[in-house]
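Take the sequence shown: its letter number 389 is residue 1861 in our numbering, and every next letter is one higher. Using N, Cα and C, we set each Cβ at its ideal position, and we do this for glycine too. Below is one structure, written out as structure tokens; the observations come after it.
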Amino acid sequence: MSRLLTRASRPSTYRGAPVVDVDLYGRQTVSDPQSVYRRIRDAGPLVWMPRHRLWAMGRFDDVRAALRDDHTFRSGKGVAANPIANTLGHYTTLASDDRAHTHRRAILMRSLTSRAIRPALPAMEQEAAATVARLRQRQSFDGIADFATRLPVQVVADLVGIQVSAAKMLTWARATFDGLGPTNPRAVTATTGALGLYLYTLRLRRKHVTPHGWAASVFDAADRGQVSRLEAKNMIIDFVAPSLDTTILATGHLLWSLGTQPEVWEQIRADPALIPRAVIEAVRLASPVRAFTRTIAADTTIGEVALRAGERVALIYAAANSDERHFDRPEQFSLHRRGSTLGWGHGIHTCVGMQLAKLEMQTLLHAMVPRIEYISVSDPQPLHNNCLQGLKSFRAGFR
1473 MSRLLTRASR PSTYRGAPVV DVDLYGRQTV SDPQSVYRRI RDAGPLVWMP RHRLWAMGRF
1533 DDVRAALRDD HTFRSGKGVA ANPIANTLGH YTTLASDDRA HTHRRAILMR SLTSRAIRPA
1593 LPAMEQEAAA TVARLRQRQS FDGIADFATR LPVQVVADLV GIQVSAAKML TWARATFDGL
1653 GPTNPRAVTA TTGALGLYLY TLRLRRKHVT PHGWAASVFD AADRGQVSRL EAKNMIIDFV
1713 APSLDTTILA TGHLLWSLGT QPEVWEQIRA DPALIPRAVI EAVRLASPVR AFTRTIAADT
1773 TIGEVALRAG ERVALIYAAA NSDERHFDRP EQFSLHRRGS TLGWGHGIHT CVGMQLAKLE
1833 MQTLLHAMVP RIEYISVSDP QPLHNNCLQG LKSFRAGFR
């Protein structure tokens, strides 16, 4: 009976939870995300989204609590909003729980600790300085393609150690995130690209990877019997897919914020010790991953709503990171903000590549400080992606 109701006549509650009839992955959310996120937050700690037949959380405290409670909010059945992506991601670290997750994450982290990535810093500094110097000579440039993309792509290609073009890696990564939404036309269109990465890793052999690279380290773990060969190949997806667009979009948002709030750039130039704070704040505001889902492990109650084992909940990081209940004036870029954010997630599934992303963004800012006095930005074009949010393109200039 309820399926026959029109949108206008749908009930305002479902099993005691407020109904918020929005398309979390649609064009309206891409065009005006904050109004959608505010509507979800204001409705309550847990809402029902009938278009996706999905529960959702958007308040900071509630999303953080769910991320901490990995015994109730499980990742092992996938973190996407559709069953196909959840099946394909079964052997990745992102879609795992308990011992499997701890084991896989420990193997990945050997390559991603601050100490492990520190040897790459001189090459990063050289590339960042060259990029900034080159762009300063141009009247204008694309803030995403020319500035935010170059360093992450160069670094990841070198460190992962697979013989794939930068363009293909970007296509695979963006398509993979598009596939994590519902089964909408955008996800269907992205299927070829997402499957491209999956099939590439299945065919990958040691002879295809650079010795001592990240991919080689995962094959080493398989040779030692720490993971199966299939697990090892899927774990390479953990290196490639999350490490590009998330950093690119956060870096793009950082540049956009510095252009629209020139006083912030003046503060950074006057005191470069503020650079780490600038990076954290940029990631909070960017929230490049809109949302991941979790599966309820056992019957539980959130607020006054009883959830059943097996039901799926969207944890909306982007809504939580702009929650005025937790942040003072959350829409503003502030170098003096205190407290935690969810830009890199939280709990046991905190972004495994967080230290690398921080280092890349900080290196770019350090390259800019002695060379750039003024940043101009204009003509923002939003990215249309099911799981990622940010700018696809904008014009920028250095003076």
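Worksheet item: CB Y1486 to CB N1656, shorter than 8 Å?
Response: Your numbering for residue 1486 matches position 14 in the sequence shown. Your numbering for residue 1656 matches position 184 in the sequence shown. No, Cβ-Cβ distance for Y1486 and N1656 is not below 8 Å.
Worksheet entry | Contact set for R1867: own chain, Cβ-Cβ below 6 Å, skip 5 residues either direction | Residue 1867 sits at position 395 when you count from the first residue of the sequence shown. Around R1867: S1612, S1850, D1851.
Worksheet item: Under a Cβ-count criterion, where at least 16 other Cβ atoms within 10 Å of its own Cβ denotes burial, should L1560 be classed as buried or exposed?
Response: The sequence position of residue 1560 within the sequence shown is 88, counting from 1. Flag for L1560 reads buried.
Fill in: Inter-residue spacing [alpha-carbon to alpha-carbon] between T1767 and A1538
The residue given as residue 1767 occupies position 295 in the sequence shown. The residue given as residue 1538 occupies position 66 in the sequence shown. Distance between the alpha carbons of T1767 and A1538 is about 11 Å.
Worksheet item: A1868 lies in the beta strand (DSSP E); which residues open and close that run?
Response: Taking the sequence shown and counting its residues from 1, the one referred to as residue 1868 is at position 396. 1863-1870 is the extent of the beta strand (DSSP E) around A1868.
Practice prompt. Closer than 6 Å by C-beta to R1646: which residues in its own chain qualify, once you throw out the five before and the five after it? Chain order, please.
Written response: For the purposes of this step, residue 1646 is taken as the residue at position 174 of the sequence shown. Only D1717 meet the Cβ criterion.
Practice prompt. Measure from the alpha carbon of V1681 to the alpha carbon of each residue in R1696, Q1861, G1651, V1632, then state which is nearest.
Written response: The sequence position of residue 1681 within the sequence shown is 209, counting from 1. Per the Cα distances, V1632.
Worksheet item: Candidates V1551, A1588, G1615, H1562: which alpha carbon is nearest L1831's?
Response: Position 359 of the sequence shown, counting from 1, holds the residue named residue 1831. Selected option, being the one with the closest Cα: A1588.
Worksheet item: Which partner residues does Q1853 have in the DSSP bridge list?
Response: One-based indexing of the sequence shown puts residue 1853 at position 381. According to DSSP, which records beta bridges pairwise, Q1853 is partnered with S1865.
Worksheet item: For the beta strand (DSSP E) that L1580 lies in, which residues bound it at each end?
Response: One-based indexing of the sequence shown puts residue 1580 at position 108. No beta strand (DSSP E) contains L1580, which is instead part of the alpha helix (DSSP H) from 1570-1581.
Worksheet item: So, L1814 versus A1792, is the Cβ gap smaller than 8 Å?
Response: Position 342 of the sequence shown holds residue 1814. Position 320 of the sequence shown holds residue 1792. It is a contact, given that the beta carbons lie within the stated cut-off.
Item to complete: Assign G1811 to buried or exposed, taking buried as 16 or more other Cβ atoms, counted over all protein chains shown, within 10 Å of its Cβ.
Response: For the purposes of this step, residue 1811 is identified with residue 339 of the sequence shown, where counting begins at 1. Per the 10 Å Cβ criterion, exposed.
Item to complete: Out of R1499, Q1804, Y1509, state which residue places its alpha-carbon closest to the alpha-carbon of L1730.
Response: Counting from one through the sequence shown, the residue named residue 1730 turns up at place 258. Looking at the Cα atoms, Q1804 is the closest of the given residues.
Worksheet item: What separation, rounded to the nearest whole angstrom, lies between the Cα atoms of G1775 and L1584?
Response: Within the sequence shown, residue 1775 is the residue found at index 303, counting from 1. Within the sequence shown, residue 1584 is the residue found at index 112, counting from 1. Those two C-alpha atoms are separated by around 38 Å.
Item to complete: Please classify K1640: is it buried, with 16 or more other beta-carbons within 10 angstroms of its beta-carbon, or exposed?
Response: The residue labelled residue 1640 in the question sits at position 168 within the sequence shown. K1640 comes out exposed.
Worksheet item: What whole-angstrom Cβ distance do T1664 and G1651 have, given they're in contact under 8 Å?
Response: Taking the first residue of the sequence shown as 1, we reach residue 1664 at position 192. Taking the first residue of the sequence shown as 1, we reach residue 1651 at position 179. T1664 to G1651, Cβ: 10 Å. No contact.
Worksheet item: With a CB to CB cut of under 8 Å and the five nearest residues on each side skipped, what residues in its chain are close to L1669?
Response: Numbered from 1 along the sequence shown, position 197 holds the residue referred to as residue 1669. For L1669, where only same-chain residues beyond five positions count, the Cβ hits under 8 Å are W1644, A1645, A1647, T1648, I1709, V1712, A1713.
Worksheet item: Any idea what DSSP makes of L1699, helix, strand or coil?
Response: In the sequence shown, residue 1699 corresponds to position 227, counting from 1. Sequence inspection shows Val at residue 1699; the Leu mentioned does not correspond to that position. In the structure shown, V1699 sits in coil (DSSP, three-state: anything other than H, G, I, E or B).
Discussion item. The alpha helix (DSSP H) that contains L1807, what's its start and end?
Written reply: Here residue 1807 refers to the residue found at position 335 of the sequence shown. Taken as a continuous stretch (DSSP letters only), L1807 belongs to no alpha helix (DSSP H), as it is neither H nor E.
Discussion item. What does the Cβ neighbour count give for P1760, buried or exposed, with the cut at 16 atoms within 10 Å?
Written reply: Against the sequence shown, residue 1760 aligns to sequence position 288. P1760 should be labelled buried.
Practice prompt. State the DSSP-derived secondary structure class of L1676, mapped to helix, strand or coil.
Written response: Position 204 of the sequence shown holds residue 1676. Correct three-state label for L1676: coil.
Worksheet entry | Cβ pair count under 8 Å reaching 3, the stretch 1747-1760 against the stretch 1718-1725 | yes
Worksheet item: Ordered along the chain, which non-local residues of its own chain (more than five positions away) have a Cβ less than 6 Å from that of V1841?
Response: Counting from one through the sequence shown, the residue named residue 1841 turns up at place 369. Cβ within range, chain order: R1741, P1744.
Discussion item. Please state the DSSP three-state secondary structure of W1816.
Written reply: Taking the first residue of the sequence shown as position 1, residue 1816 is located at position 344. Here W1816 sits in coil by DSSP.
Fill in: Whole-number beta carbon distance between T1773 and A1600, since they are thought to touch under 8 Å
The count along the sequence shown starts at 1 and reaches residue 1600 at position 128. The count along the sequence shown starts at 1 and reaches residue 1773 at position 301. Contact flag wrong, Cβ pair sits at about 49 Å.
Worksheet entry | Pick from H1798, L1837, E1735 that is closest to P1748, judged by C-alpha positions | Reading the sequence shown from its first residue, position 276 is the one you call residue 1748. The shortest Cα separation from P1748 among H1798, L1837, E1735 belongs to L1837.
Worksheet item: Looking only at its own chain, which residues have a Cβ that is under 6 Å from the Cβ of D1495, when we skip the five neighbours before and after it?
Response: If you number the sequence shown from 1, residue 1495 lands on position 23. Cβ within range, chain order: R1523.
Worksheet item: Going along the chain, which residues of its own chain have a beta-carbon closer than 8 Å to the beta-carbon of S1484, five neighbours each way excluded?
Response: Numbered from its first residue, the sequence shown carries residue 1484 at position 12. Once the five neighbours on either side are set aside, the close Cβ partners of S1484 are P1490, V1491.
Worksheet item: Could you give the distance in angstroms between the alpha-carbon of F1878 and the alpha-carbon of Q1698?
Response: Since the first residue shown for the chain is 1473 and the last is 1871, residue 1878 is missing from the structure and cannot be characterised.
Practice prompt. Report the option in R1677, F1619, L1667 whose CA atom is closest to the CA atom of N1558.
Written response: Reading the sequence shown from its first residue, position 86 is the one you call residue 1558. Residue L1667 is the option with its Cα nearest to N1558.
Worksheet item: In chain order, what residues of the same chain have a beta carbon less than 8 Å from the beta carbon of Q1506, not counting five sequence neighbours either side?
Response: Taking the sequence shown and counting its residues from 1, the one referred to as residue 1506 is at position 34. Within the same chain, Q1506 has close Cβ partners S1794, E1803.
Worksheet item: What residue from R1536, A1578, F1870 has the CA that sits closest to M1707's CA?
Response: As a working note, residue 1707 is residue 235 in the sequence shown. Among R1536, A1578, F1870, the Cα nearest to that of M1707 belongs to A1578.
Worksheet item: For the putative contact between L1750 and L1787, defined by C-beta atoms under 8 Å, what is the C-beta separation to the nearest angstrom?
Response: Taking the first residue of the sequence shown as position 1, residue 1750 is located at position 278. Taking the first residue of the sequence shown as position 1, residue 1787 is located at position 315. Residue identity differs from the one stated: residue 1750 is Ala in this sequence, not Leu. With a Cβ gap of about 26 Å, A1750 and L1787 do not count as contacting.
Worksheet item: Count the other CB atoms within 10 Å of the CB of S1474; is the residue buried (16 or more) or exposed (fewer)?
Response: Numbered from 1 along the sequence shown, position 2 holds the residue referred to as residue 1474. Annotation note: pLDDT 41 at S1474 (below 50); position unreliable, coordinate value reported separately. Counting Cβ neighbours within 10 Å, S1474 comes out exposed, since fewer than 16 surround it.
Practice prompt. Assign L1822 to buried or exposed, taking buried as 16 or more other Cβ atoms, counted over all protein chains shown, within 10 Å of its Cβ.
Written response: As a working note, residue 1822 is residue 350 in the sequence shown. First, the residue type needs correcting, since residue 1822 is Thr and not Leu in the sequence shown. Counting Cβ neighbours within 10 Å, T1822 comes out exposed, since fewer than 16 surround it.
Worksheet entry | Enclosing beta strand (DSSP E) for R1741 [first to last residue] | Translated into the one-based positions of the sequence shown, residue 1741 becomes position 269. R1741 -> not in any beta strand (DSSP E); alpha helix (DSSP H) instead, spanning 1734-1742.
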